[in-house]
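K.L.:
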Amino acid sequence: MKPAAFDYLRPASLDEALAALVAEDGREARPIAGGQSLVPLMNLRLALPDLLVDLNGLPELAGIRLAGDRVEIGAMTRQRCLLEDPLIDERVPLLRLGMAHVGHLQTRARGTVGGSLVHADPAAELPLLMVTLGASIRLQSRRGLREVPAADFFVDAMETGIAADEILVAVSVPVAPPGSRHAFRELARRHGDFAIVAVAAQCGPAGLALGVGGLEKVPRRCTGLERALTAGAADRAAAVADEVACTEPLSDLHAGAAYRRRLAEVLIGDCLAEVLR
Amino acid sequence: MTRTDMAASPLRKEDARLLRGQARCVDDVHLDRMLHAVFIRSPMPHAEIVGIDGSAALAAGAALVLTAADLPFIDKPWVVRYWHPKIRNGMPKFLATDRVRYVGEPVALLVAEDRYLAEDLAALVEVDYRPLPPLASVEDARAPGAPILHPEWDGNVAAAFRLEQGDADAALAGSVHLAKGRFTFGRQTPLPLECRGVVADYDADRGDLTVWMSTQAHYNVRQNLATVLGLPEYQVRVIAEDVGGGFGAKSRTYAEELVISHASRVLRRPVKWIEDRLENLQATTHSRGVTTEIEIGCDAEGRFTGLRASVVLDLGGYVFTSGIMTAEIAGAHLPNCYRFPHQQIDVQCVGTNKTPIATYRGAGQPEAVFPIESLVDRLAKRAGLAAAELRRRNLVTPADLPHRLGTTIAGLKVAAESGDFPALFEAAVADSGYSEEVQDLPDGRRLAWGLAAAIEASGLVNFETANIRIDGAGLVTVFCGMTTQGQGQPTTYAQVCAEALGVQLDRVAVRMGDTQLVPFGRGAFASRGAIFGANAVLGAAQALRDKALGCAGQLLQCDPGELRIEEGRICRAGAGPTEIDLAAIAQAVGPGGQLFSGDAALEAQYVFKSDQPVTYGMTVHVAQVSLDPRTGFFAVKDYLVAHDAGRVLNAMIVDGQIVGGAVDGIGGALFSELLYDGEGQLLTGSLADYMVATAPDVPRLRLVHHETRPGTNPLGVRGIGEGGTIAPGAAIANALSRAIDPHGSAQEAGLSVLPLSPERVFAACRAAGR
Numbered sequence: 000m001k002p003a004a005f006d007y008l009r010p011a012s013l014d015e016a017l018a019a020l021v022a023e024d025g026r027e028a029r030p031i032a033g034g035q036s037l038v039p040l041m042n043l044r045l046a047l048p049d050l051l052v053d054l055n056g057l058p059e060l061a062g063i064r065l066a067g068d069r070v071e072i073g074a075m076t077r078q079r080c081l082l083e084d085p086l087i088d089e090r091v092p093l094l095r096l097g098m099a100h101v102g103h104l105q106t107r108a109r110g111t112v113g114g115s116l117v118h119a120d121p122a123a124e125l126p127l128l129m130v131t132l133g134a135s136i137r138l139q140s141r142r143g144l145r146e147v148p149a150a151d152f153f154v155d156a157m158e159t160g161i162a163a164d165e166i167l168v169a170v171s172v173p174v175a176p177p178g179s180r181h182a183f184r185e186l187a188r189r190h191g192d193f194a195i196v197a198v199a200a201q202c203g204p205a206g207l208a209l210g211v212g213g214l215e216k217v218p219r220r221c222t223g224l225e226r227a228l229t230a231g232a233a234d235r236a237a238a239v240a241d242e243v244a245c246t247e248p249l250s251d252l253h254a255g256a257a258y259r260r261r262l263a264e265v266l267i268g269d270c271l272a273e274v275l276r
Numbered sequence: 000m001t002r003t004d005m006a007a008s009p010l011r012k013e014d015a016r017l018l019r020g021q022a023r024c025v026d027d028v029h030l031d032r033m034l035h036a037v038f039i040r041s042p043m044p045h046a047e048i049v050g051i052d053g054s055a056a057l058a059a060g061a062a063l064v065l066t067a068a069d070l071p072f073i074d075k076p077w078v079v080r081y082w083h084p085k086i087r088n089g090m091p092k093f094l095a096t097d098r099v100r101y102v103g104e105p106v107a108l109l110v111a112e113d114r115y116l117a118e119d120l121a122a123l124v125e126v127d128y129r130p131l132p133p134l135a136s137v138e139d140a141r142a143p144g145a146p147i148l149h150p151e152w153d154g155n156v157a158a159a160f161r162l163e164q165g166d167a168d169a170a171l172a173g174s175v176h177l178a179k180g181r182f183t184f185g186r187q188t189p190l191p192l193e194c195r196g197v198v199a200d201y202d203a204d205r206g207d208l209t210v211w212m213s214t215q216a217h218y219n220v221r222q223n224l225a226t227v228l229g230l231p232e233y234q235v236r237v238i239a240e241d242v243g244g245g246f247g248a249k250s251r252t253y254a255e256e257l258v259i260s261h262a263s264r265v266l267r268r269p270v271k272w273i274e275d276r277l278e279n280l281q282a283t284t285h286s287r288g289v290t291t292e293i294e295i296g297c298d299a300e301g302r303f304t305g306l307r308a309s310v311v312l313d314l315g316g317y318v319f320t321s322g323i324m325t326a327e328i329a330g331a332h333l334p335n336c337y338r339f340p341h342q343q344i345d346v347q348c349v350g351t352n353k354t355p356i357a358t359y360r361g362a363g364q365p366e367a368v369f370p371i372e373s374l375v376d377r378l379a380k381r382a383g384l385a386a387a388e389l390r391r392r393n394l395v396t397p398a399d400l401p402h403r404l405g406t407t408i409a410g411l412k413v414a415a416e417s418g419d420f421p422a423l424f425e426a427a428v429a430d431s432g433y434s435e436e437v438q439d440l441p442d443g444r445r446l447a448w449g450l451a452a453a454i455e456a457s458g459l460v461n462f463e464t465a466n467i468r469i470d471g472a473g474l475v476t477v478f479c480g481m482t483t484q485g486q487g488q489p490t491t492y493a494q495v496c497a498e499a500l501g502v503q504l505d506r507v508a509v510r511m512g513d514t515q516l517v518p519f520g521r522g523a524f525a526s527r528g529a530i531f532g533a534n535a536v537l538g539a540a541q542a543l544r545d546k547a548l549g550c551a552g553q554l555l556q557c558d559p560g561e562l563r564i565e566e567g568r569i570c571r572a573g574a575g576p577t578e579i580d581l582a583a584i585a586q587a588v589g590p591g592g593q594l595f596s597g598d599a600a601l602e603a604q605y606v607f608k609s610d611q612p613v614t615y616g617m618t619v620h621v622a623q624v625s626l627d628p629r630t631g632f633f634a635v636k637d638y639l640v641a642h643d644a645g646r647v648l649n650a651m652i653v654d655g656q657i658v659g660g661a662v663d664g665i666g667g668a669l670f671s672e673l674l675y676d677g678e679g680q681l682l683t684g685s686l687a688d689y690m691v692a693t694a695p696d697v698p699r700l701r702l703v704h705h706e707t708r709p710g711t712n713p714l715g716v717r718g719i720g721e722g723g724t725i726a727p728g729a730a731i732a733n734a735l736s737r738a739i740d741p742h743g744s745a746q747e748a749g750l751s752v753l754p755l756s757p758e759r760v761f762a763a764c765r766a767a768g769r
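Protein sequence lines correspond, in order, to chains A and B.
The first sequence: position 29 = 28 (numbering that gives the first Met the number 0), numbered continuously.
The second sequence: position 591 = 590 (numbering that gives the first Met the number 0), numbered continuously.
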């Protein structure tokens, strides 16, 4: 459990970091943020980067600020800041609710928002929250800046649309309309473990947004269910069952596919009961 | 009953050091010219080794590559202690020779300048395997035509024996009510915080081997090192000063310890090997892994008639150096704390391509208690009795003592000789608030109680040494053949010594965990620290007190019987202190002193031996769970442990041991499971997948102390390290079973497997139609 040899660079500017990521001779360069996922993978030699580009010297990538009707969160913002910043609590309360389930005090103190998003664990809370909230993800490279909707960013389990020369620099989250109601429910084996299934829901004047994590390879935005309920479906339980029936659940040591479906059904029902009047 | 008067709880002497991170664990040992080793382990569950080529690694800078062919002692036998006569061989070699039998089995050793480099170079060692069909389960191993793991393991059975008393078949046939079931206690691992580790330093010019290692049994390791490596025992020193947890995983010798020592001898340099967590989960012995089919019966009055069981242990690829102790106890403890006039228990250890099974806190007792205590609840339903009432009618009572269990452990006819089981049981029921009513909560969850009673064995391995010395300043040092993994021996032994000798606690220092200290010792395992270690200290302290008083009598020209020692001063009966203290006596006895007669110091040595080398006690665990029947998720809301520790040497330490054990046991009941796939690959190779309880998962535990004194040892103590792990599985399963279906039995199949994962509990809910 010792990593293979690698080179290490701690750039002083984003430009320098982006330049370092431009591959030479097929060498793999990877950015490192909080290190809470990448370092264990390196210790197990499941990740073998040739060069680590340490983003911890770039304070401009950290911070939470209000920009019009969106909250912008820098990629290097520590996860604990989402729990502590009153701006999050006031403007994106669902994010605050969901973050309470993320890891432990120690991992939240090191782990970053951007790190969790690019790691893209199917059971992680942050990807689920961003998909549910309709956030957009900002990717910077020497080629330029692009913005990708969270729903398109997550491609497969542990796989996103980020290119090898890009750094996730920020995520932009729409503020919750006044009068919105929020719910976050999660079932995990132990406190702080990755979710077996988690459900996030927000309901306001603009309608219902509901997402499920842990169920499939990527977080699922339940648009079919949202439409059915907005259209005034009479049988809520049937609508939930329809949504869950068309999923392709994961199956692992902690829960089989059929059981995951069951848990999703129960948690979606509970969240809806909480956010729908 | 009140607790022992002297159970003051002085703070632990060792904690300031341990809590500040100043423990001296193996990885804290840094020696000049030290090299670092990595083991190359089998990635295959079952394969022939066709060839091993270390030349590329050596060419790239490895200091040494060792394979079985390089070990001159490869065919020497292990030094084992008690050995069950039915074991059909099947012990591992020190490195795999021609065949590997589990993922993680050590195949070769590579040594380099540092661990990083060693891991790089290890990738260059080419091992050519020819895969053999893996036996990934007991069913695989028993299938017709299955490959045989060792020539002597006919049918892949490594050991089989029967424990019998009376005629169980006839007793069950004549029973009014019967219950039977099949229970599986999943494979688990003791998971010490400090993994295993060895630093070996062979001094070629002196012929001395010094080994620092993380072990519970330093004398057994010394014996193996001396015998297998061909060294005189006096030239082998094993140091295990601070050990970061053992829980049974380090209670015997491992092959790695011999191979690292040999590497140091070959290289003439110190060699360090620190086990990482992946190795720890793969290659440190596993435990539990028992399936028990059991049937019990009772008469019309609810009196137990008979017990018939078949216990099958999923042994893994080899018999480990501790033999098959957990299988023996998993069978022998099935009658538990009840009178079962007729018993027939068949025990079978079946070889599979998995890591070998050895001891883990409780060592067969949790494996016995889960099936019997689950089944007692089921029988109560059949008999129309409350589960607590059926137990009341069958508990061993003080009038039954001494009560033979009817079974044997290590060839000993084991017996409970003291205790008041019914009183302890009633205290647990009353203090917990236990009820067999199920409470429906407004949100759909259900609250229910469950309990489990258990007989508890402690102090299983006989003999321990203590030597106590008083210096010319009157300072007292206790040397003991024990080790400590944090159970508090440096404090409790000092307390026992201070009280018996008559000195202040802060004048007593305790040294242990080094084979140089006393000629003979065993170590800390089998809950023997208080029974054997503390009684050895007591014996030595009493002998030393008598010796000191004899000297004082000479100095004061009076009958020693009129003297006593208080706070290190010699006092006359009925009068105040004299001018003589222990310092003066030590000076008088030593060279140049007026009483010198050939002794180097004022000291005494004592080896404690017990005529009944198992001390029995009882524990009752009561759990309250809250279940969401829609998902199978549940929480343990309340948990009480009633316990009989005998005389309490240090109440804080006793509480800590019981709570620690119960948390370990609750985690084992809820979370911990080593899973293999159908090909024999370990799936739970990290702590993300192998789970133990963490603080938020366990309620604040409540303890009930019920004290009776065992007659097996002069202090009247019982072992307390393991009781906490014994009963949680059954207590929680019984509570869940009640929450799922208070009266029916449809759920029974679902709750027969530990750990109680939510998916298993949900399956039981569904089976019960909830």
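Virtual Cβ for every residue (Gly too), placed ideally from N, Cα, C.
Would you mind sorting Ala762(B) into buried or exposed? The rule is 16 or more other CB atoms within 10 Å of its CB.
P.N.:
Here residue 762(B) corresponds to residue number 763 of the second sequence, with the count starting at 1. In summary, Ala762(B) is buried, with 16 or more beta-carbon neighbours lying within 10 Å of its beta-carbon over all protein chains present.
K.L.:
Under a Cβ-count criterion, where at least 16 other Cβ atoms within 10 Å of its own Cβ denotes burial, should Arg40(B) be classed as buried or exposed?
P.N.:
For the purposes of this step, residue 40(B) is taken as the residue at position 41 of the second sequence. Answer is buried; the Cβ neighbour count reaches 16.
K.L.:
How about Leu440(B): is its C-beta nearer than 8 Å to some C-beta of chain D?
P.N.:
Protein chains in the displayed structure are A and B, and chain D is not among them.
K.L.:
Excluding five sequence neighbours on each side, which residues of the same chain lie with their C-beta closer than 8 Å to the C-beta of Glu357(A)?
P.N.:
Lying before the first or after the last residue shown, residue 357(A) is absent from chain A, which here runs from 0 to 276.
K.L.:
List the residues of chain A that Arg629(B) touches, going by C-beta distances under 7 Å, in chain order.
P.N.:
Here the question's residue 629(B) lines up with position 630 in the second sequence. Those within 7 Å of Arg629(B) in chain A are Val265.
K.L.:
Mind reading off the beta-carbon distance from Cys194(B) to Asp113(B)? Whole number of angstroms is fine, and I expect it under 8 Å.
P.N.:
Indexing the second sequence from 1 puts residue 194(B) at position 195. Indexing the second sequence from 1 puts residue 113(B) at position 114. About 18 Å separates the two Cβ atoms, so there is no contact after all.
K.L.:
Take Ala745(B) and list the residues in its own chain whose beta-carbon comes closer than 6 Å to its own, dropping the five residues that flank it on each side.
P.N.:
By one-based count along the second sequence, residue 745(B) stands at place 746. With a pLDDT of 44 at Ala745(B), under the threshold of 50, the modelled position of that residue is not reliable, and the figure given next carries that caveat. Correct list, in chain order: Ala766, Ala767.
K.L.:
Beta-carbon separation of Asp696(B) and His190(A) under 8 Å?
P.N.:
Here residue 696(B) refers to the residue found at position 697 when the second sequence is read from its first residue. Here residue 190(A) refers to the residue found at position 191 when the first sequence is read from its first residue. Yes, these two residues count as a Cβ contact at 8 Å.
K.L.:
Going straight from the alpha carbon of Met41(A) to that of Ile725(B), what length do you get?
P.N.:
Indexing the first sequence from 1 puts residue 41(A) at position 42. Indexing the second sequence from 1 puts residue 725(B) at position 726. Using only the alpha carbons, I get a separation of about 39 Å.
K.L.:
When we look at the beta-carbon of Gly180(B) and count the other beta-carbons within 10 Å, is it buried (16 or more) or exposed?
P.N.:
On the second sequence, position 181 is the one that residue 180(B) refers to. Per the 10 Å Cβ criterion, buried.
K.L.:
Let me see if you follow: with CB-CB separation under 8 Å, is Tyr7(A) close to chain B or not?
P.N.:
Your numbering for residue 7(A) matches position 8 in the first sequence. Answer no: the Cβ-Cβ gap between Tyr7(A) and chain B never drops below 8 Å.
K.L.:
Tell me which residues of the region 176-199 of chain A have at least one Cβ-Cβ distance to chain B shorter than 7 Å, keeping chain order.
P.N.:
Leu186, Arg188, Arg189, His190
K.L.:
What is the DSSP secondary structure of Leu17(B), reduced to helix, strand or coil?
P.N.:
On the second sequence, position 18 is the one that residue 17(B) refers to. Helix.
K.L.:
Under a three-way DSSP split, which group does Ala745(B) fall into?
P.N.:
Residue numbering aside, residue 745(B) sits at position 746 when the second sequence is read from its first letter. Caution is warranted here: a pLDDT of 44 is assigned to Ala745(B), below 50, making its placement in the model unreliable, and the coordinate value is therefore given only provisionally. If DSSP states are grouped into helix, strand and coil, Ala745(B) belongs with coil.
K.L.:
For Ile408(B), tell me which candidate among Glu706(B), Gln364(B), Ala145(B) has the shortest Cα-Cα distance.
P.N.:
In the second sequence, counting from the first residue as 1, residue 408(B) sits at position 409. The option with the nearest alpha carbon to Ile408(B) is Gln364(B).
K.L.:
What's the C-alpha gap between Ala541(B) and Lys608(B)?
P.N.:
As a first step, residue 541(B) must be located in the second sequence, where it is residue number 542. As a first step, residue 608(B) must be located in the second sequence, where it is residue number 609. Reading the sequence as shown, one finds Gln at residue 541(B) and not Ala. Spanning the two alpha carbons is a distance of roughly 15 Å.
K.L.:
Compare the beta carbon distance of Ala203(B) and Arg251(B) with 8 Å and say whether it is the shorter of the two.
P.N.:
In the second sequence, counting from the first residue as 1, residue 203(B) sits at position 204. In the second sequence, counting from the first residue as 1, residue 251(B) sits at position 252. Going by C-beta atoms, Ala203(B) is not nearer than 8 Å to Arg251(B).
K.L.:
Does His341(B) come out as helix, strand or coil in the three-state DSSP assignment?
P.N.:
Numbered from 1 along the second sequence, position 342 holds the residue referred to as residue 341(B). Of the three classes helix, strand and coil, the one that applies to His341(B) here is strand, per DSSP.
K.L.:
Quick check on Asp419(B): buried or exposed, where buried means 16 or more other Cβ atoms within 10 Å of its Cβ?
P.N.:
To locate residue 419(B), count along the second sequence from 1; it is residue 420. Buried: at least 16 other Cβ atoms inside 10 Å.
K.L.:
For Gln35(A) versus Thr131(A), is the C-beta spacing smaller than 8 Å?
P.N.:
Position 36 of the first sequence holds residue 35(A). Position 132 of the first sequence holds residue 131(A). Taking 8 Å as the Cβ cut-off, Gln35(A) and Thr131(A) do not qualify as a contacting pair.
K.L.:
Could you compute how far the alpha carbon of Leu554(B) sits from the alpha carbon of Ile579(B)?
P.N.:
Counted from its first residue, the second sequence places residue 554(B) at position 555. Counted from its first residue, the second sequence places residue 579(B) at position 580. Going from the Cα of Leu554(B) to the Cα of Ile579(B) covers about 8 Å.
K.L.:
Hey, does Tyr115(B) have any beta-carbon neighbour from chain A nearer than 8 Å?
P.N.:
To locate residue 115(B), count along the second sequence from 1; it is residue 116. At least one C-beta of chain A is nearer than 8 Å to the C-beta of Tyr115(B).
K.L.:
To the nearest angstrom, report how far apart Leu13(A) and Gln187(B) are at their CA atoms.
P.N.:
As a position in the first sequence, residue 13(A) is number 14, starting the count at 1. As a position in the second sequence, residue 187(B) is number 188, starting the count at 1. In a straight line, the C-alpha of Leu13(A) is about 48 Å away from that of Gln187(B).
K.L.:
Ala763(B) by DSSP, collapsed to three states: which one?
P.N.:
Residue mapping note: residue 763(B) aligns to position 764 of the second sequence, counting from 1. The three-state secondary structure of Ala763(B), taken from DSSP, is helix.
K.L.:
Which residues in chain B sit within 7 Å of Met0(A), going by Cβ to Cβ distance?
P.N.:
Locating residue 0(A) in the first sequence gives position 1, where the first residue counts as 1. Ordered by position in chain B, the residues that pass the 7 Å Cβ test against Met0(A) are Asp275, Arg276, Leu277.
K.L.:
According to DSSP, is Tyr101(B) helix, strand or coil?
P.N.:
As a working note, residue 101(B) is residue 102 in the second sequence. Coil, per DSSP.
K.L.:
What runs of the alpha helix (DSSP H), each 4 residues or longer, lie entirely inside the region 11-96 of chain A?
P.N.:
13-20, 37-42, 78-83, 85-90
K.L.:
Within this structure, are the beta carbons of Met617(B) and Ile371(B) separated by less than 8 Å?
P.N.:
Indexing the second sequence from 1 puts residue 617(B) at position 618. Indexing the second sequence from 1 puts residue 371(B) at position 372. Not a contact, by the Cβ cut-off of 8 Å.
K.L.:
Helix, strand or coil for Ser321(B) per DSSP?
P.N.:
Taking the first residue of the second sequence as position 1, residue 321(B) is located at position 322. Ser321(B): coil per DSSP, three-state reduction.
K.L.:
In this structure, how does DSSP classify His45(B) when only helix, strand and coil are distinguished?
P.N.:
Indexing the second sequence from 1 puts residue 45(B) at position 46. Looking at His45(B) - three-state DSSP - the assignment turns out to be coil, as it is neither helix nor strand.
K.L.:
Can you tell me which of Val495(B), Ser671(B), Gly679(B), Tyr675(B) puts its alpha carbon nearest to the alpha carbon of Ser756(B)?
P.N.:
The residue given as residue 756(B) occupies position 757 in the second sequence. Comparing alpha-carbon positions, the option among Val495(B), Ser671(B), Gly679(B), Tyr675(B) lying closest to Ser756(B) turns out to be Ser671(B).
K.L.:
Can you round the beta-carbon distance between Leu108(B) and Ala61(B) to whole angstroms, since I take them to be within the 8 Å contact cut?
P.N.:
Position 109 of the second sequence, counting from 1, holds the residue named residue 108(B). Position 62 of the second sequence, counting from 1, holds the residue named residue 61(B). Taking the Cβ atoms as the reference, Leu108(B) lies roughly 10 Å from Ala61(B), outside the contact range of under 8 Å.
K.L.:
Of the residues that make up the region 37-68 of chain B, which ones have a beta carbon closer than 7 Å to any beta carbon in chain A?
P.N.:
none
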